[in-house]
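J.: Throughout, the working numbering is defined as the position within the sequence shown, counted from one, plus 12.
Mind having a look at this structure? Questions to follow.
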Amino acid sequence: MDQERIRAAVTELLLAVGENPEREGLLETPDRVAKMYAEIFSGLEEDPMDHLKIFHEPQQHGELVLVRDIPLYSVCEHHLIPFIGKVHVAYIPKDGRIIGLSKFARIVKTFASRPQVQERLTAQIADFLYDNMKPYGVAVVAEAEHLCMTMRGIRAAGATTQTSALRGAMRTEAKTRSEVMLLLGGHR
């Protein structure tokens, strides 16, 4: 990440909105923003495969596993304003392949730490898990409040957006899909 270029762009932005980047309160702002961007866009330089360690469980558990309320912090690529919420992940292991539960949060964070749209983020998580874990099925549901809707434009504070991505048995088997969607929606 080009920290110097970010600092220069922030200085130019402050000038463009009519601020004085030499003002005491803004002197360190370009440096703080550059450090913040390196953190919130760290997923651009991170490989989600680094967080995928598959365990082979001898007792072949073939029942639904659900991890709910994984924190979601991302930045809308249209306005560069955050969207914040939660991701819920469900999968049905196949052939004894499971992963540590904390890895789901790391995988979500990696994909979320990029300029994003919620629809693509949800699909990326589902595709990554389905393609690499090779389970019977995967379901990912994301729900978030988009500050681009809250702070500007319509100013619809509190409105949330929900997206889902279903893969494998979660998509093709009606009974499985109904069960997982009921469980994912049942937390309210």
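Using N, Cα and C, we set each Cβ at its ideal position, and we do this for glycine too.
Keep in mind it's a predicted model, so treat the numbers as computed, not measured.
Which residues share a DSSP beta bridge with ARG179?
T.: VAL150
J.: Which residue from MET161, ILE166, ARG179 and PRO127 puts its Cα closest to that of THR173?
T.: Of the listed residues, the one whose Cα sits closest to THR173 is MET161.
J.: For GLN128, name the three-state secondary structure that DSSP assigns.
T.: strand
J.: Tell me the rounded alpha-carbon separation between GLN130 and ALA50.
T.: 21 Å
J.: Which same chain residues end up closer than 6 Å to HIS73 when comparing Cβ atoms and leaving out the 5 residues on each side of it in sequence?
T.: PRO105
J.: Could you check which residue in GLY108, VAL153 and GLY37 has the C-alpha nearest to that of ASP81?
T.: VAL153
J.: Anyone know if the C-beta pair for ARG126 and GLY180 falls short of 8 Å?
T.: no
J.: Run through DSSP, which three-state label would ILE104 get?
T.: strand
J.: Using DSSP with H/G/I as helix, E/B as strand and the rest coil, what is THR98?
T.: With the sequence shown as reference, residue 98 is identified as Lys, and Thr is not the correct amino acid for it. Here LYS98 sits in strand by DSSP.
J.: Is ALA102 near ALA151, with beta carbons less than 8 Å apart?
T.: yes
J.: Here's a check: name, in chain order, each residue in its chain whose Cβ is nearer than 7 Å to the Cβ of GLU31, leaving out the five neighbours to either side.
T.: LEU38
J.: Could you spell out the range, first to last residue, of the beta strand (DSSP E) harbouring ASP81?
T.: 77-88
J.: Hey, how far is the Cα of VAL192 from the Cα of HIS90?
T.: Cα to Cα, the separation comes out at about 31 Å.
J.: In angstroms with no decimal places, state the Cα-to-Cα distance between ARG109 and LEU76.
T.: 13 Å
J.: Which word fits SER190, buried or exposed, when buried means at least 16 other C-beta atoms lie within 10 angstroms of its C-beta?
T.: exposed
J.: Using only the alpha-carbon positions, how far apart do ARG44 and MET13 sit?
T.: 14 Å
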